[in-house]
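By the count of the numbering used here, the sequence shown reaches residue 658 at its end, each step adding exactly one.
We put the beta carbon where it would ideally sit given N, CA and C, even for glycine.
Structure record follows, encoded as structure tokens.
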Amino acid sequence: LIDIGTGAGFPAIPLKLVNPNLDITLLDGLNKRLIFLEEVINKMNLDNIKTFHSRGEDASRDKKHREKYDIAVSRAVSRLNKLVEFSLPLVRVGGIFVAMKGVALKEELEEGQNAIEELGGRLRDVIEFNLTENENGRTLVVIEKVKKTPEKYPRQFGQIKNKPL
């Protein structure tokens, strides 16, 4: 499992606590976050969890990481049509990418559909839920990787940002 843009380690650290057998990579572009997470990992004596300092689009081009993960997860990183471009290339064919999003997702799903298909994915499920009674709600977007991502992806960050698929 790879947690893209892990921030404070959510959802990867809680997933590790409920399933200690998971091999997890925490990916983040800010090294100070990863230094903090390494302290958390050491203090909690967690095994088979490592940090990786890189931007998502750079990690997706790295042969050690490209199409190597069964599961990729992400929370509050970017809009779906941009997020899938640097996330799906990390997932092996047959694996899944799960993006945690807010509740107002219809437009984002529509604008992301082309990118999902172009990058080798297929929308598998959209799961709406509330963490508490008083919140607006959350959505898990589950994308299955059905074919290899073309080598030309991901593009450079500026292209992803300014001209999403």
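Kindly indicate which three-state DSSP category G662 falls into: helix, strand or coil? Look at the range of the chain in this structure, 494 to 658, and you will see that residue 662 is not part of it.
Give the single residue among R585, L576, R572 whose Cα lies nearest to the Cα of H558. R585
Three-state class that DSSP yields for G614 in the structure shown: strand
If you follow the beta strand (DSSP E) that K543 is part of, which residue opens it and which one closes it? 542–546
Within 10 angstroms of the Cβ of G605, are there 16 or more other Cβ atoms? Answer buried if so, exposed if not. Under the 10 Å beta carbon count, G605 is surrounded by 16 or more other beta carbons and is classified as buried.
Restricting to Cα atoms, I'd like to know which of L583, N655, V634 is closest to E603. V634
Classify T625 as buried or exposed, calling it buried when 16 or more other Cβ atoms lie within 10 Å of its own Cβ. exposed
Close-in-space but distant-in-sequence residues of the same chain around I620 (CB under 6 Å, 5 per side omitted): L633
Would H577 be called buried (16 or more neighbouring beta carbons within 10 Å of its own) or exposed? Here residue 577 is Val; the residue named in the question, His, does not match the sequence. Per the 10 Å Cβ criterion, buried.
Quick one: Cα of K543 to Cα of E531, how far? 8 Å
Below 8 Å CB to CB, which residues in the same chain sit around D501 once its five sequence neighbours on both sides are set aside? It is worth fixing the name first, because residue 501 is Ala in this sequence and not Asp. Result list for A501: R526, F529, L530, in chain order.
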